[in-house]
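What follows is a short report on a single structure.
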Amino acid sequence: MVFFMHGAMAQVGDKVPLGNWAIDRTEVTIGQFERYVRATGTVTRAEKEGGGFEYGAGWERRPGWSWRHPDGLAAGAATRADLPAVHLDFAEAQAYCRWAGGRLPTGAEWQKAGFTELRDAPPAPWVKGRTYPWTTGDSPQGANTSDADPWPRAAPAGDTRQGVNGLYDMGANVWEWTSDARGPERRTVGGSWWYGAFNMKADVQAFKPADFYAVYIGFRCAYDLKPQDPQAQQRPSKTRP
Numbered sequence: 340m341v342f343f344m345h346g347a348m349a350q351v352g353d354k355v356p357l358g359n360w361a362i363d364r365t366e367v368t369i370g371q372f373e374r375y376v377r378a379t380g381t382v383t384r385a386e387k388e389g390g391g392f393e394y395g396a397g398w399e400r401r402p403g404w405s406w407r408h409p410d411g412l413a414a415g416a417a418t419r420a421d422l423p424a425v426h427l428d429f430a431e432a433q434a435y436c437r438w439a440g441g442r443l444p445t446g447a448e449w450q451k452a453g454f455t456e457l458r459d460a461p462p463a464p465w466v467k468g469r470t471y472p473w474t475t476g477d478s479p480q481g482a483n484t485s486d487a488d489p490w491p492r493a494a495p496a497g498d499t500r501q502g503v504n505g506l507y508d509m510g511a512n513v514w515e516w517t518s519d520a521r522g523p524e525r526r527t528v529g530g531s532w533w534y535g536a537f538n539m540k541a542d543v544q545a546f547k548p549a550d551f552y553a554v555y556i557g558f559r560c561a562y563d564l565k566p567q568d569p570q571a572q573q574r575p576s577k578t579r580p
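Just add 339 to the spot in the sequence shown (first one is 1) and you have the numbering used here.
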């Protein structure tokens, strides 16, 4: 498989410390998931079962679609390493996070990180302690929704507007798995590029079967920090707020 890189990849892999835990600055990317696959030999269900799902006349399986080729590119075609890894069910996302030394965030953690500015000295215009109406601040502008924006489908990591706590794509781009359970279902949050900005709101959630995977669902990881964990030293942001 061939990947090509993007300038914003410097942000990928950053962990943003929020007290005694941290969260990925971006959604887990194809490039990150590729390293996990090489290390573990993982073959995902979408690959084994004939392709991932997209919504058409109901949920339709798309042959050849997987985390490797989210929109079904031919084998060997160039794939952006900084696109979000999708077509992964809850267990597959959870397994990656454990391999990376973390876990999936709870719904409450995700919401706190996405809407309330927790950094000790955030850059302007962010205000410590303020809870914002959108993950991008006072408006959804700059997020990847179905409204007018430069991205027809998923956006690469770091391309959209940086939001609360210096995070990217906590709203829109792709839904994200959390660890919250309701029977056999797990909570996804944030909305995706397929929806309008409304689905970015804090009170919007969607429980999905834990064994479901689709082009619209990705994830990011959370990490429990020890008191002297080096990750507790925040990195200055090099991109716009």
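A virtual CB, placed ideally from N, CA and C, is assigned to each residue, including glycine. A quick note: this is a predicted structure, and the numbers were derived from the prediction, not measured.
Check                                                                              : Outcome
For A511 and D410, the rounded distance between their alpha carbons                : 18 Å
Residues that DSSP places opposite Y394 in a beta bridge                           : W398
Beta-carbon proximity check, A424 vs V367, cutoff 8 Å                              : yes
Host beta strand (DSSP E) of W473 (start-end)                                      : First-last for W473: undefined, no H or E at that position.
Alpha helix (DSSP H) segment containing A434, residue limits                       : F429 to W438
Best match in E456, L427, P461 and K565 for proximity to R384 [C-alpha to C-alpha] : L427
G481 versus T499 - alpha carbon distance                                           : 6 Å
E388 - DSSP class collapsed to helix/strand/coil                                   : coil
Rounded straight-line distance, which links the Cα of Y471 to that of K581         : Any question about residue 581 goes unanswered here, given that the chain covers just 340 to 580.
Nearest to W473 (by Cα), restricted to the options G557, F454, W490 and T484       : F454
Inter-residue spacing [alpha-carbon to alpha-carbon] between W533 and G395         : 12 Å
Cα-Cα separation between A549 and H408, rounded to whole angstroms                 : 22 Å
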